[in-house]
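**Student:** Just dropping this structure here.
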Amino acid sequence: MHCLVPCDCQGPNLIINQPDELLDGMSDWCKEHHGESGLTQAVRESRISLQQAEYEFLSFVRQHTPPGLCPLAGNSVHADKKFLDKYMPQFMRHLHYRIIDVSTIKELCRRWFPEEYNLAPRKQASHR
């Protein structure tokens, strides 16, 4: 997920610790892809809690945006929004209520401008 802030700055890039029971309950797809990318192991080794991550994200967006102006953005970001609404409500209250789903923009380009779409660089499939 990303937040669109009006600066040329890098926000926090955090990996949040999760218990083994939750990681062991992931789908086969998640186990395979996040295992291959190293994300599952990084989650196990992380010392960052959900509360700490929310504090760091909120501190960053407060530093760069007034309340209610920064939209949440990303690929299929509705899943991120659902997670953030549940586990990081203070962070979400600071953001704008609208989201920017990059997948939608990409899909519209594919349908309306197929030749140009085929010239675009392909996304690296890291799922991180």
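Everything in the sequence shown is counted per full-length UniProt numbering, starting at 1 for the first residue and increasing by one. By construction, the Cβ of each residue, glycine as well, lies at the ideal position given by its N, Cα and C atoms.
1. Across the region 10 to 21 and the region 45 to 55, are there enough close Cβ pairs to call them in contact, namely three or more that are closer than 8 Å?
2. With distance defined between alpha-carbon atoms, name the residue in Asp101, Val61, Glu36 nearest to glutamine 10.
3. Contact defined as beta carbons within less than 8 Å: I believe lysine 81 pairs with leucine 69. What is the distance between those atoms, to the nearest angstrom?
4. For residue 129 and arginine 47, what's the separation of their Cα atoms in angstroms?
5. Compute the minimum distance between the beta carbon of arginine 110 and the heavy atoms of the ligand SAM, and state whether it is under 7 Å.
**Tutor:** So, from the listed chains and residues:
1. Yes, they touch.
2. Here residue 10 corresponds to residue number 10 of the sequence shown, with the count starting at 1. Comparing Cα positions, the closest option is Val61.
3. Here residue 81 refers to the residue found at position 81 when the sequence shown is read from its first residue. Here residue 69 refers to the residue found at position 69 when the sequence shown is read from its first residue. In this structure lysine 81 is not in contact with leucine 69, their Cβ atoms being roughly 17 Å apart against a cut-off of 8 Å.
4. The displayed coordinates of the chain run from 1 to 128. Any statement about residue 129 would go beyond what the structure contains.
5. With respect to small molecules bound, the structure shown includes none, and the ligand SAM cannot be examined in it.
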